[in-house]
Amino acid sequence: MPSQGCLALTDAGRAFLTRRAHAQQDRGASQVDAFRAQHLSIVSADASARSGLGPKFDESESPLVWLARRKGTDGRPLIEPHQLQAGERLRAEFTAAQMMPRTTSNWHAPIAGRRRDGHAGEHMTDHMVAARQRMRHALDAAGPEFSGLLLDVCCFLKKLDEVERERRWPARSAKVVLQLALERLARHFGYQRDATGKAAAAVRTWAADDFLSEI
1 MPSQGCLALT DAGRAFLTRR AHAQQDRGAS QVDAFRAQHL SIVSADASAR SGLGPKFDES
61 ESPLVWLARR KGTDGRPLIE PHQLQAGERL RAEFTAAQMM PRTTSNWHAP IAGRRRDGHA
121 GEHMTDHMVA ARQRMRHALD AAGPEFSGLL LDVCCFLKKL DEVERERRWP ARSAKVVLQL
181 ALERLARHFG YQRDATGKAA AAVRTWAADD FLSEI
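Here the sequence shown is numbered in this note's numbering, starting from 1 and rising by one per residue.
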């Protein structure tokens with residue numbers, strides 16, 4: 001209880017300062033909504049990056065984190081750290097672009113520029129326009145065979161069994177396709193696997209076209 005005549009920071013004030021601090025940290029491609037960041041467990045997609053400038057995500061809701069924490073029969077993670085980083089960067093761009101479900105399917109459409117009167121068309125800021133352009137380039141680089149899956153898992157947070165049901169894919173096939181998709185996305189963003197030997201340096205891009213043509 002503050003003494004009479006003294007100023008004290010209220011709970012609302014503390015919440016405001018927390019949101020402001022998160023907003024300052026999340027500027028750029030890795031921007032996350034400041035109010036969500038106040039209440040969720042936000043960590044960097046690149047665990048080795050101590051600068052805090054990498055993509056941010058809520059580890060409790062990301063399907064990619066779930067996959068990265070589990071290992072296959074060979075003892076390796078179901079997705080590699082550089083693949084996780086690429087997928088979460090795509091999600092960060094998706095968040096910054098504010099691409100809701102009704103507009104996501106139109107990401108190929110031309111992006112409206114700012115009107116001459118200085119107001120953003122359809123309330124789009126320069127930051128949103130830039131994020132949508134980066135999304136377009138990333139999905140174009142992934143290709144039509146992978147872009148839909150990347151949107152479903154990385155951006156809409158669909159689980160792999162849900163993807164398999166919707167697309168009528170064989171059980172456990174989505175994991176393999178996702179690995180290929182994330183590898184291509186990581187190549188676009190410039191993320192590479194840490195090479196510690198021949199087994200670790202090898203990139204699994206085997207039979208992508210033949211495999212996809214069968215499912």
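For glycine and all other residues, C-beta sits at the position ideal for the given N, C-alpha and C.
From a predicted model like this one, the values you see are computed outputs, not experimental measurements.
query: Considering Pro144, what are the terminal residues of the alpha helix (DSSP H) in which it resides?
result: Taking the first residue of the sequence shown as position 1, residue 144 is located at position 144. Its alpha helix (DSSP H) spans residues 144-150.
- request: Determine the DSSP secondary structure at Lys71, reduced to helix, strand or coil.
  value: The sequence position of residue 71 within the sequence shown is 71, counting from 1. It is a strand residue.
- request: Work out the CA separation of Asp74 and Ala92 for me, nearest whole Å.
  value: On the sequence shown, residue 92 is found 92 positions in, with the first residue counted as 1. On the sequence shown, residue 74 is found 74 positions in, with the first residue counted as 1. If you take the alpha carbons of Ala92 and Asp74, they lie about 31 Å apart.
query: Which residues mark the beginning and the end of the alpha helix (DSSP H) in which Phe94 is found?
result: Residue numbering aside, residue 94 sits at position 94 when the sequence shown is read from its first letter. Its alpha helix (DSSP H) spans residues 81-97.
query: Are Ile79 and Leu90 touching if we call contact CB-CB under 9 Å?
result: The sequence position of residue 79 within the sequence shown is 79, counting from 1. The sequence position of residue 90 within the sequence shown is 90, counting from 1. In this structure, Leu90 does not lie closer than 9 Å to Ile79 by Cβ.
Enclosing alpha helix (DSSP H) for Ala181 [first to last residue]: Translated into the one-based positions of the sequence shown, residue 181 becomes position 181. Where Ala181 is concerned, the enclosing alpha helix (DSSP H) stretches over 173-189.
- prompt: Would a C-beta distance cut-off of 9 Å place Pro77 and Lys159 closer than the cut-off?
  reply: Counted from its first residue, the sequence shown places residue 77 at position 77. Counted from its first residue, the sequence shown places residue 159 at position 159. Not in contact: Pro77 and Lys159 (Cβ atoms no closer than 9 Å).
- prompt: Hey, how far is the Cα of Ala96 from the Cα of Cys154?
  reply: As a working mapping, residue 96 is identified with position 96 in the sequence shown. As a working mapping, residue 154 is identified with position 154 in the sequence shown. Computed Cα separation, rounded: 14 Å.
query: In its own chain, which residues sit with a C-beta less than 6 Å from the C-beta of Ala141, not counting the 5 before and 5 after it?
result: In the sequence shown, the residue the question calls residue 141 occupies position 141. Cβ within range, chain order: His188.
field: Closest Cα partner of Leu178 within the set Met128, Met124, Asp161, Arg136
entry: Translated into positions along the sequence shown, residue 178 becomes position 178. Here the closest residue by C-alpha is Asp161.
task: Could you check how far apart the C-beta atoms of Phe94 and Met135 are, in whole angstroms? I think they sit under 8 Å.
output: Translated into the one-based positions of the sequence shown, residue 94 becomes position 94. Translated into the one-based positions of the sequence shown, residue 135 becomes position 135. Phe94 to Met135, Cβ: 6 Å. Contact.
task: Taking only the alpha-carbon atoms, compute the straight-line gap between Glu145 and Arg184 and give it to the nearest angstrom.
output: As a position in the sequence shown, residue 145 is number 145, starting the count at 1. As a position in the sequence shown, residue 184 is number 184, starting the count at 1. For Glu145 and Arg184, the distance between alpha carbons rounds to 11 Å.
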